[in-house]
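Novice:
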Amino acid sequence: MTNRNTALELTEIVFPEHANHYGTLFGGNALMLMSKAAFLAARAFAQADVVMAGCGDAQFLAPVPVGSVLRLRAWVSRQGRSSLTVSVTGSFEQLGHAPREALRSFFEMVAVDKGGRPTRIPKAHPNPEKEEA
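The sequence shown lines up with residues 739 to 871 when you count with the working numbering.
1) Mind reading off the beta-carbon distance from leucine 746 to alanine 782? Whole number of angstroms is fine, and I expect it under 8 angstroms.
2) What do you get for valine 789, buried or exposed, if any count of 16 or more other CB atoms within 10 angstroms of its CB means buried?
3) My assumption, with CB atoms under 8 angstroms, is that leucine 841 sits in contact with threonine 857. Please give the rounded CB distance.
4) Looking at C-alpha atoms only, which residue of Gln785, His759, Gly854 and His756 is the closest neighbour of valine 814?
5) Between Leu810, Val824 and Arg809, which lies nearest to arginine 816 when the distance is taken from Cα to Cα?
6) Taking the alpha helix (DSSP H) that arginine 811 falls in, what are its first and last residues?
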């Protein structure tokens, strides 16, 4: 069993084209960004291509205004034979203000071979708690 650092941080700026009619990050775009972070963390952990099998318990805790810097943290919190659970949190910063947690979700990812079939992931130590990027 190996120990892999699976945490990563993805930083984005929220532009007007990412916003809803209230001038804050559109929920669909937030899910897309969180799924990108989950994909990158799962791929690094599995050392294989991955696909998303599911997403759960998406929480939008605070509106993220246009112009904010959004920091997403993703880490593998569970490993199965070919599947992984990736936890993702997101916080945002505006100039002159402290960071604020805004997003939280988890994603079920499956490692696949070149034919798109599930493939075994070498055993490692996922971190069920929040892992630092």
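Every residue, glycine too, gets a C-beta built ideally from N, C-alpha and C.
Specialist: Reading it off the structure:
1) 7 angstroms
2) exposed
3) Not confirmed; about 30 angstroms, so no contact.
4) Gln785
5) Val824
6) Note, arginine 811: premise wrong, no alpha helix (DSSP H); beta strand (DSSP E) at 807 to 817.
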